[in-house]
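Undergrad: In my numbering, the protein residues as written are 8 to 146. A virtual CB, placed ideally from N, CA and C, is assigned to each residue, including glycine. Keep in mind the model is a prediction, meaning the values are calculated, not measured.
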Amino acid sequence: MKRIYLGLLSALFLSSIAGWAQTPHRLSLDIVGMKEKKGNLLISVYSSAEDYLKKPIKTLTTPVDALTMRVVIELETGTYAVVIYQDLNSNGKVDRNFFRLPTEPCGFSRDARPKMGPPRYKPASFILNEDTEMRIKIK
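Here it is as structure tokens:
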């Protein structure tokens, strides 16, 4: 009898743990403003101010085949910032000028504006707790 109760308790415990697991949310990015169907989009997702522009939690590279594109990324509930560069020459990196400023088009989540360099994490960050659509303009 004890074994039956222990088995039922174990099954109940394991099923409750499975219910706690988060399901990912779909972040649909509508990327607009590209002037050329050329190169690749380099998309980086960051989950903290400390890692912003240094250590993305997710990266994606996709060829530019239209002037407006939709990219879908699955992420857990959390706070994120997205940075997108159009790698025009497909060299896999962001080209920069003498002053270390990007020479290729870029965009940030919430259309955060660069000011003497990239925007900080907070203006670009957003909370993702459900499926979300976001527009990012490449400039």
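Within 10 angstroms of the Cβ of A131, are there 16 or more other Cβ atoms? Answer buried if so, exposed if not.
TA: buried
Undergrad: Mind listing, in chain order, the continuous beta strand (DSSP E) runs of no fewer than 3 residues lying wholly within the segment 22 to 105?
TA: 32 to 39, 47 to 53, 65 to 70, 76 to 82, 85 to 94
Undergrad: Three or more beta-carbon pairs under 8 Å between the segment 101 to 120 and the segment 55 to 67, yes or no?
TA: no
Undergrad: What is the residue span of the beta strand (DSSP E) that K144 lies within?
TA: 139 to 144
Undergrad: Determine, using beta-carbon pairs with one atom in the segment 71 to 81 and one in the segment 112 to 125, whether at least three such pairs fall under 8 Å.
TA: no
Undergrad: Rounded to whole angstroms, what is the Cα-Cα separation between R77 and I38?
TA: 6 Å
Undergrad: Return the chain-ordered list of same chain residues with a C-beta closer than 8 Å to the C-beta of I145, the five sequence neighbours on each side being excluded.
TA: I38, V39, G40, M41, I91, Q93, P112, C113, G114
Undergrad: Could you please give the first and the last residue of the uninterrupted beta strand (DSSP E) stretch that includes G154?
TA: No answer is possible for residue 154: it lies beyond the span of the chain, which begins at 8 and ends at 146.
Undergrad: In whole angstroms, what separates the C-alpha of V79 from that of N104?
TA: V79 and N104: Cα-Cα distance of roughly 31 Å.
Undergrad: So which of E83, N98, K129 has the shortest CA-CA distance to L48?
TA: N98
Undergrad: Under the three-state reduction of DSSP, which class applies to P109: helix, strand or coil?
TA: strand
Undergrad: Just the Cα atoms here: how many angstroms apart are K44 and R127?
TA: 29 Å
Undergrad: Nearest to R117 by CA position, among L34, L95, R142, L135, is which residue?
TA: For the residues L34, L95, R142, L135, the minimum Cα distance to R117 belongs to R142.
Undergrad: Find out if the Cβ-Cβ distance for the pair H32, E137 is shorter than 8 Å.
TA: yes
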